[in-house]
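Heads up: the protein sequence lines correspond to chains B and F, in order.
For the first sequence, position 19 matches number 19 in this note's numbering, and the numbering has no gaps at all.
Going from the second sequence to this note's numbering is simple: count from 1 and add 1000.
There are 2 protein chains.
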Amino acid sequence: MEPDILELESFLPYRLYRLADTISREFSRIYKERHGLTRPEWRTLSGLGERGTMTATELGEQSAMHKTKVSRAVAELERRRWLTRTADENDRRVEHLALTKAGLAAYREMVPLAKAFERELLERLSVEERMAVVGGVAALEGALEEKS
Amino acid sequence: MEPDILELESFLPYRLYRLADTISREFSRIYKERHGLTRPEWRTLSGLGERGTMTATELGEQSAMHKTKVSRAVAELERRRWLTRTADENDRRVEHLALTKAGLAAYREMVPLAKAFERELLERLSVEERMAVVGGVAALEGALEEKS
DNA sequence: TTTCGATGGTTACAAATGAAACCAGTTTGG
DNA sequence: CCAAACTGGTTTCATTTGTAACCATCGAAA
Chain B
1 MEPDILELES
11 FLPYRLYRLA
21 DTISREFSRI
31 YKERHGLTRP
41 EWRTLSGLGE
51 RGTMTATELG
61 EQSAMHKTKV
71 SRAVAELERR
81 RWLTRTADEN
91 DRRVEHLALT
101 KAGLAAYREM
111 VPLAKAFERE
121 LLERLSVEER
131 MAVVGGVAAL
141 EGALEEKS
Chain F
1001 MEPDILELES
1011 FLPYRLYRLA
1021 DTISREFSRI
1031 YKERHGLTRP
1041 EWRTLSGLGE
1051 RGTMTATELG
1061 EQSAMHKTKV
1071 SRAVAELERR
1081 RWLTRTADEN
1091 DRRVEHLALT
1101 KAGLAAYREM
1111 VPLAKAFERE
1121 LLERLSVEER
1131 MAVVGGVAAL
1141 EGALEEKS
């Protein structure tokens, strides 16, 4: 192992990215084929389905999206009449977003599919491996949080 | 925990993507600031630095990039005179890519920075956590490979 | 050979993205 | 009170990306 060579195959940032990319891409087929959603749109749907009502800023924080992504995703879902905006009483800059019946229906349809996807992925692992995955992800998340 | 709700915060594909995105984005600052490289360009540089000579197709396989990304990254690195193409003797469709002196110099400069980045990331973890990360990543890679 | 399907690689075009400018509207400090 | 700094959210513009079509060459089979 020469010291001035970087092995891409074992370089953690690369491996992690490739892994996430593969899995995310595979999962995206579900909401893409099903409803023609983009990832930001799916996350918006998912966030609002989970929490009920959120502002765009909260959505961005909860689902790790840049505000322009949120803005565009919200606009598209509104165009589909999957969500509505309600002006805030006290602060007129803020809008409270919530799913409509149609949006909620789409969400309810997606949830089992998402859960099944995750389950099938984890089922391919042994118990120890599953623990390593969950523990490893949590550990890295923790390491990144405390940083900056 | 309601059964028809998906918790994004604990949904593996989402967590993994966010993790990889954060780390990759942070790492990208290194090669972006330093040399103004994009990720595909960095991977191309890294791949050729590691292996010496490769065709575009091989590069794509080794670094998990779509062929158009490879094509464009190679074009840009060639424009910088960081790599050269050599026609294959037997198959005129194929080109063998290799770094020039300048390309190699850039690569040699990047390697320690990349290694330091990875080391500093892992240093924030305990030994057990580190094992979990490495084991978990490997397990998922294995699960994805054997699949399709 | 000739033809036809595969393969290496590039290009064209549309869609997704990020950075920065922007437009309200709100708060703060003088 | 008022200006300046700040915040929620949108828009603009340049860059990046993915898909599909494309060109050239190759290999195999008729």
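No residue lacks a Cβ here, since even glycine has one placed at the ideal position from N, Cα and C.
Keep in mind it's a predicted model, so treat the numbers as computed, not measured.
Check                                                                                                                      : Outcome
Cβ neighbour criterion (16 or more within 10 Å) applied to Lys1101(F)                                                      : exposed
Span of the alpha helix (DSSP H), counted from its first residue to its last, around Glu231(B)                             : With chain B running from 1 to 148 in the structure shown, residue 231(B) is simply not present.
Pair within 9 Å by beta-carbon distance, Glu1076(F) and Thr1038(F)                                                         : yes
Short-range partners of chain F found in the stretch 19-42 of chain B, where Cβ spacing is below 8 Å                       : Leu19, Ala20, Asp21, Thr22, Ile23, Ser24 and Phe27
Contact list for Gly47(B) against chain F, beta-carbon separation under 8 Å                                                : Leu1008
Residue-level contact to chain B via CB, Leu1077(F), 9 Å cutoff                                                            : no
Delimiting residues of the alpha helix (DSSP H) encompassing Thr1044(F)                                                    : Arg1039 to Arg1051
Where Lys1115(F) meets chain B, residues with beta-carbon distance less than 7 Å                                           : Leu6
Ala114(B) - containing alpha helix (DSSP H), residue span                                                                  : Lys101 to Glu123
Leu140(B) beta carbon less than 9 Å from that of Ala1143(F)                                                                : no
6 Å CB neighbourhood of Gly1060(F) in its chain, flanking five on each side removed                                        : Lys1067 and Val1070
Which listed residue (Thr1086(F), Thr1055(F), His1096(F) and Ser1046(F)) has its alpha carbon closest to that of Tyr14(B)  : Ser1046(F)
Met131(B) - partner residues in DSSP beta bridges                                                                          : Partner(s): none; Met131(B) has no beta bridge.
When Leu1048(F), Ile1005(F), Phe1011(F) and Arg1029(F) are compared against Glu7(B), the one with the closest alpha-carbon : Leu1048(F)
Partners in chain F for Ala132(B), counting only beta-carbon separations shorter than 7 Å                                  : Ala1132, Gly1135, Gly1136 and Ala1139
Leu1050(F): contacting residues in chain B (beta-carbon distance under 7 Å)                                                : Here residue 1050(F) turns out to be Glu, not Leu, going by the sequence shown. Those are Ile5, Leu6, Glu7 and Leu8, listed as they occur along chain B.
Neighbourhood of His35(B) by C-beta, 7 Å cutoff - its chain only, sequence neighbours within 5 removed                     : Ala106
Chain-ordered residues of the stretch 1100-1115 of chain F with a beta carbon less than 7 Å from chain B                   : Arg1108, Val1111, Ala1114 and Lys1115
Under 7 Å by beta carbon: chain B residues contacting Ala1064(F)                                                           : Arg18
Beta-carbon separation (whole angstroms), Thr1053(F) vs Leu1097(F), contact threshold 8 Å                                  : 7 Å
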